Amino acid sequence: MAASRPSTLLRNLNAKIAAIPMILTALVVFTGGTIWTVAYSFTKSGLLPRWNFVGLDQYERLWGSRRWMVSIENLFIYGACMLVFSFVIGFILAALMDQKIRFENTFRTIILYPFALSFIVTGLVWQWLLNPDLGIASVIRAMGWESFDFDPLYNAQIAIYGVLIAGLWQGTGLIMVLMLAGLRGIDQDIWKASRVDGIPAWKTYIFIIIPMMRPIFITTLVIVASGIVKVYDLIVAQTGGGPGIATEMPAKYVYDYMFGGQNLGQGFAASTMMLLAVLIVVIPWAMLEFGGKKRG
Amino acid sequence: MKKLTILSATTALTLAGGAYAADLEVTHWWTSGGEAAAVAELAKALNEKTEHNWVDGAIAGSGGTARPIMISRITGGDPMAATQFNHGRQAEELVEAGLMRDLTDIAEANNWREVINPPSLLDACTVDGKVYCAPLNIHSWQWLWLSHKAYEDAGIPVPTNWDEFVAAAPKLEEAGKVPMAMGQQGWQQSGAFNVMIISLLPKEIYLSVYQDKDAEVAAGPEVARIFKAAADARAMSADSNVQDWNQATNMVITGQAGGQIMGDWAQGEFQVAGMTAGEDYTCLPGLGVNQTLQAGGDAFYFPVLSDDEATEAQGELAQLLLTPEVQVAFNLKKGSLPVRGDVDLDAANDCMKKGLEILASGDSLPDVNQLISSDTRTQIEELFVEFFADSSITPEDAQARFADIIGDAD
Chain Z
2 MAASRPSTLL RNLNAKIAAI PMILTALVVF TGGTIWTVAY SFTKSGLLPR WNFVGLDQYE
62 RLWGSRRWMV SIENLFIYGA CMLVFSFVIG FILAALMDQK IRFENTFRTI ILYPFALSFI
122 VTGLVWQWLL NPDLGIASVI RAMGWESFDF DPLYNAQIAI YGVLIAGLWQ GTGLIMVLML
182 AGLRGIDQDI WKASRVDGIP AWKTYIFIII PMMRPIFITT LVIVASGIVK VYDLIVAQTG
242 GGPGIATEMP AKYVYDYMFG GQNLGQGFAA STMMLLAVLI VVIPWAMLEF GGKKRG
Chain Y
3 MKKLTILSAT TALTLAGGAY AADLEVTHWW TSGGEAAAVA ELAKALNEKT EHNWVDGAIA
63 GSGGTARPIM ISRITGGDPM AATQFNHGRQ AEELVEAGLM RDLTDIAEAN NWREVINPPS
123 LLDACTVDGK VYCAPLNIHS WQWLWLSHKA YEDAGIPVPT NWDEFVAAAP KLEEAGKVPM
183 AMGQQGWQQS GAFNVMIISL LPKEIYLSVY QDKDAEVAAG PEVARIFKAA ADARAMSADS
243 NVQDWNQATN MVITGQAGGQ IMGDWAQGEF QVAGMTAGED YTCLPGLGVN QTLQAGGDAF
303 YFPVLSDDEA TEAQGELAQL LLTPEVQVAF NLKKGSLPVR GDVDLDAAND CMKKGLEILA
363 SGDSLPDVNQ LISSDTRTQI EELFVEFFAD SSITPEDAQA RFADIIGDAD
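So the protein sequences, as listed, match chains Z and Y.
By the working numbering, the letter at position 252 of the first sequence is numbered 253, and the numbering carries on one by one without gaps.
By the working numbering, the letter at position 331 of the second sequence is numbered 333, and the numbering carries on one by one without gaps.
If you want it as structure tokens, here you go:
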């Protein structure tokens, strides 16, 4: 009777000890750093953090700033288009790839290759390609279409779509590979059954295969969405935020004010707003996904 | 036993070599042709005159890119031995936080107070009576560079002031030239605007806007005229699709563009291209209107280091920068003016001599960097980068936003 049950704290002790560094990192670096940043966003910190509280001043200035509004608008356009197009194109490519075609490996490699390049390289390459004097536009003009005009990066109204083209070119390959993995995970019997029932292939995809791929879609969504919120290097390399401020993004605003403008308070306020935006998306999703009764 | 001999031999050698040779890493953003040639002079002086080594830490992409990197390294505990800043308020908080080395003893030993002219340059290095930086050169922004070739091709005489420059624009366009070259970066565009304020208006206006931060003056009718002039500049530079200032200067050098508003550092580029002032190009201080120059410039700051020997070497570098020989060698290549009033600049060309005369007459104003914080500067740059890229923004709207920024400035 004396042998009491080992306390739950000591159960699986090795695993718990092994997890300590990660727990500390999560608590101190992520959570602690986040709380610190939010707290200092209410101060008038310049180049170095200083605790002189100014309430919501930084936020008032932030939302009164035209550049921030343009950045938010750009993030919205870029984000929405990126999500829709990369999913649609990625899925279509994956579906085509799944037709037991010849040289699948070759095609897969070619399409995935851009993902091996950094955003900096991608940005530079597309800056050149979209330059009217030496890129696509000049090639087509040299072929005889004299009046052809395509210079998105020099037109403030559509410059953000020039960035989007580069983003899609770089990122779609990864989406395709993820989707392809999802498609390969579908039991072949499902296809056989649908063929026996005489259902057209496109209907099978939309009503049977896609719903079955829900977990893959969610993983992909998280990867793409986090890539969108933090987009920075692509802008810096491709347009530098220009022409004017037409392709500014929130992450660049944060960096420019924290370091270039020597105004940490403003940068912290902007990054707090970015965090808030992420939370607004993540919390409802997490509640749907993990909260309540599991579906299926 | 053998090892021990080698060891003691090496020790003896080191001792014989005298003082410790330190590697001094110096960061700066001087990367264009003329600038690189000037930096090479500094490196040569350090390598030859002391036993220390110059480790070049050039950071490409203008001050806006370079400063954050420098500041992160200093605040992050990985300081370089010396770094360039435009003196004034850019390094203000680093000094206040005690991250910069106090150079007062070196300044006193070498009589910086007496030799540096104009004295406002040393004042900009001084915080609470202590000197924290070594001024290196004087740069002024108020120059209009004109290409003789472009005007010859268009068959019109080279303008002698801003109004003629604007009036000549249509003729240049007919001849297929860009009337005005302008790099599409905020610092160049807001810089050109500040040049117009100083050159086209009485200097009291500049001081009440930037020194007293008077929002009413900034919203007033005089400044409105400057915004109109900026809109002219925007129209004239609409076809100049370049980013860096030296690319824009190159358009003037090759005669593709009529002119460019740029500081006297552009001089170095003309020199590298082998051009002669007065024959191949013309420089108009104060846009040919007001003969007033802003005396800003570059200075070297020396972060506090933990290594005593490196600190010693830092001091030697600071001292070296202000010696007459280095001042002359560096500034001739750079196209800037020496900070010492007592050096001989016979080798200087026409443009530099014009600048020296104006400075000697005492007609100089403090640089924008000495008056406004980096935060305000960033906001103004942002306004102009947008203004120059988007012709739908009216001068009135831009002025209203400018006045708001000045009203909020600290």
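For each residue, glycine too, the CB sits at the ideal point set by N, CA and C.
Source: prediction; values computed, not measured.
Taking the continuous beta strand (DSSP E) assigned at residue i, which residues delimit it?
{"i": "P50(Z)", "result": "Run containing P50(Z): none; DSSP gives neither H nor E here."}
{"i": "A416(Y)", "result": "For residue 416(Y) there is no data in the structure shown, the boundaries of chain Y being 3 and 412."}
{"i": "Q296(Y)", "result": "295 to 297"}
{"i": "A259(Y)", "result": "259 to 263"}
{"i": "P368(Y)", "result": "366 to 368"}
{"i": "F302(Y)", "result": "300 to 303"}
Just the chain Z side, please: which residues come within less than 8 Å of residue i by C-beta, in chain order?
{"i": "G66(Y)", "result": "G261"}
{"i": "I61(Y)", "result": "Simply none; closest approach about 13 Å."}
{"i": "A391(Y)", "result": "A157, G243, P244, G245, I246, A247"}
DSSP beta-bridge partners for residue i?
{"i": "C285(Y)", "result": "W147(Y)"}
{"i": "S272(Z)", "result": "Answer is none; S272(Z) lacks a bridge partner."}
{"i": "L113(Z)", "result": "According to DSSP, L113(Z) bridges with nothing at all."}
{"i": "K132(Y)", "result": "V129(Y)"}
{"i": "V244(Y)", "result": "G185(Y)"}
{"i": "A279(Y)", "result": "Y283(Y)"}
{"i": "M102(Y)", "result": "P305(Y)"}
{"i": "L339(Y)", "result": "I140(Y)"}
{"i": "I118(Y)", "result": "R342(Y)"}
In chain Y, which residues lie with their C-beta within 8 Å of the C-beta of residue i?
{"i": "I159(Z)", "result": "The contacting residues do not exist; I159(Z) stays about 13 Å from chain Y at best."}
{"i": "G47(Z)", "result": "E95, S375, D377"}
Starting from residue i, trace the alpha helix (DSSP H) both ways and give me its first and last residue.
{"i": "D58(Z)", "result": "58 to 65"}
{"i": "A275(Y)", "result": "Careful: A275(Y) lies outside any alpha helix (DSSP H) and carries neither H nor E."}
{"i": "R354(Y)", "result": "It is worth fixing the name first, because residue 354(Y) is Met in this sequence and not Arg. Where M354(Y) is concerned, the enclosing alpha helix (DSSP H) stretches over 352 to 362."}
{"i": "L125(Z)", "result": "120 to 130"}
{"i": "Y208(Y)", "result": "205 to 212"}
{"i": "I407(Y)", "result": "397 to 410"}
{"i": "M177(Z)", "result": "160 to 185"}
{"i": "G317(Y)", "result": "310 to 323"}
{"i": "Q298(Z)", "result": "A question about residue 298(Z) goes unanswered here, because the residues of chain Z that appear run from 2 up to 297."}
{"i": "P216(Z)", "result": "215 to 230"}
{"i": "V255(Z)", "result": "251 to 256"}
{"i": "T205(Z)", "result": "202 to 205"}
{"i": "A1(Y)", "result": "Chain Y is shown from 3 up to 412; residue 1(Y) falls before or after that span and cannot be answered."}
{"i": "E147(Z)", "result": "Premise fails: E147(Z) is in no alpha helix (DSSP H) and is neither H nor E."}
{"i": "A238(Z)", "result": "234 to 239"}
{"i": "F389(Y)", "result": "376 to 391"}
In chain Z, which residues lie with their C-beta within 7 Å of the C-beta of residue i?
{"i": "R75(Y)", "result": "Neighbours of R75(Y) on chain Z: none; closest Cβ ~11 Å, over 7 Å."}
{"i": "A99(Y)", "result": "L49"}
{"i": "P70(Y)", "result": "F260, G261"}
Given that residue i touches chain Z, what residues does it touch there, using C-beta distances under 9 Å?
{"i": "N243(Y)", "result": "N132, P133, D134, Y155"}
{"i": "Q186(Y)", "result": "G241, G243, P244, G245"}
Quick one: list the residues of chain Y neighbouring residue i, beta-carbon separation under 7 Å, in chain order.
{"i": "S75(Z)", "result": "Reading off the sequence shown, one finds Asn at residue 75(Z), where the question assumed Ser. Within 7 Å Cβ-Cβ: nothing; N75(Z) doesn't reach chain Y, min ~13 Å."}
{"i": "Y162(Z)", "result": "Those within 7 Å of Y162(Z) in chain Y number zero; the least Cβ separation is about 17 Å."}
{"i": "D257(Z)", "result": "T380"}
{"i": "R68(Z)", "result": "E384"}
Give the residues of chain Y in contact with residue i, contact being defined as C-beta atoms less than 9 Å apart.
{"i": "D234(Z)", "result": "Here the premise fails: no neighbours, minimum Cβ distance about 13 Å."}
{"i": "N264(Z)", "result": "S375, S376, D377, T380"}
With hydrogens ignored, establish whether the beta-carbon of residue i is closer than 7 Å to any heavy atom of the ligand ATP.
{"i": "N196(Y)", "result": "Within the structure as shown, the ligand ATP is missing, as the structure has no ligands at all."}
Going residue by residue through the region 18 to 100 of chain Y, where are the continuous beta strand (DSSP E) segments of at least 3 residues, counting only ones entirely within it?
25 to 30, 55 to 60, 84 to 88
Should the region 315 to 330 of chain Y be regarded as contacting the region 103 to 117 of chain Y, the criterion being three or more beta carbon pairs within less than 8 Å?
yes
Are three or more beta carbon pairs between the region 249 to 266 of chain Z and the region 108 to 116 of chain Z nearer than 8 Å?
no
As an exercise, report each continuous alpha helix (DSSP H) stretch of at least 4 residues that is fully enclosed by the region 141 to 191 of chain Y, in chain order.
150 to 156, 164 to 169, 171 to 176
Along the region 370 to 387 of chain Y, where does the CB come closer than 8 Å to a CB of chain B? Name the residues.
Here chain B cannot be found, since the structure's protein chains are Z and Y.
Spell out a yes or no on whether the region 122 to 134 of chain Y and the region 283 to 302 of chain Y are touching, meaning 3 or more CB-CB pairs, one atom from each, closer than 8 Å.
yes
Segment contact flag, the region 68 to 88 of chain Y with the region 335 to 345 of chain Y, C-beta cutoff 8 Å, min 3 pairs:
no
Flag this pair as touching only if the region 366 to 379 of chain Y and the region 84 to 96 of chain Y have three or more C-beta atom pairs under 8 Å; answer yes or no.
yes
With a cut-off of 8 Å, do at least 3 Cβ pairs link the region 271 to 284 of chain Y to the region 21 to 41 of chain Y?
yes
Between the region 217 to 224 of chain Z and the region 94 to 111 of chain Z, are three or more C-beta pairs nearer than 8 Å?
no
May I have a chain-ordered list of the alpha helix (DSSP H) segments no shorter than 4 residues that lie completely inside the region 9 to 44 of chain Z?
14 to 25, 34 to 41
Any contact between the region 193 to 209 of chain Z and the region 158 to 165 of chain Z? By contact I mean 3 or more CB pairs, one from each, below 8 Å.
no
Is there contact between the region 279 to 288 of chain Z and the region 243 to 263 of chain Y, where contact requires at least three CB pairs shorter than 8 Å?
no
Below 8 Å, how does it come out for the region 56 to 66 of chain Z and the region 133 to 145 of chain Z: are there three or more Cβ pairs, yes or no?
no
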